[in-house]
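Start counting the sequence shown at 310; every next residue gets the next number (the numbering used here). Remarks on the structure that follows.
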Amino acid sequence: MFNLNFEISLITWSGWSFVRNFLGAIFYFGYLLKQHSFDFRFMANFNQSHLHNFLSRELADSNNVVG
């Protein structure tokens with residue numbers, strides 16, 4: 310039989326390292342945002358316009374392919 314305690318400790322250790330890395334990434338991005346003091350409205354407008362341009366270009370390409 311395999312050692313059940315070892316298996317459980319391995320699972321909890323990997324889960325804890327994942328949580329720690331996840332929280333570290335969140336804090337790191339929060340630190341970057343605080344450092345550069347982004348304007349979130351500018352970012353939202355930029356992403357929206359970028360997405361709009363991308364989608365319109367993709368739709369135009371697909372229309373050209375179909376037509």
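Glycine included, each C-beta is placed from N, C-alpha and C at the ideal position.
Using a Cβ-Cβ cut-off of 6 Å (strictly less than) and excluding sequence neighbours within five positions of Asn-362, which residues of its own chain qualify?
-> As a working mapping, residue 362 is identified with position 53 in the sequence shown. Excluding sequence neighbours, Asn-362 sits near nothing in its chain.
Measure the alpha-carbon distance for Ser-318 versus Tyr-337 and round it to whole angstroms.
-> Position 9 of the sequence shown holds residue 318. Position 28 of the sequence shown holds residue 337. Taking the straight line joining both Cα atoms gives about 28 Å.
How many angstroms separate the CA atom of Leu-342 from the CA atom of Gly-333?
-> Position 33 of the sequence shown, counting from 1, holds the residue named residue 342. Position 24 of the sequence shown, counting from 1, holds the residue named residue 333. Taking the straight line joining both Cα atoms gives about 14 Å.
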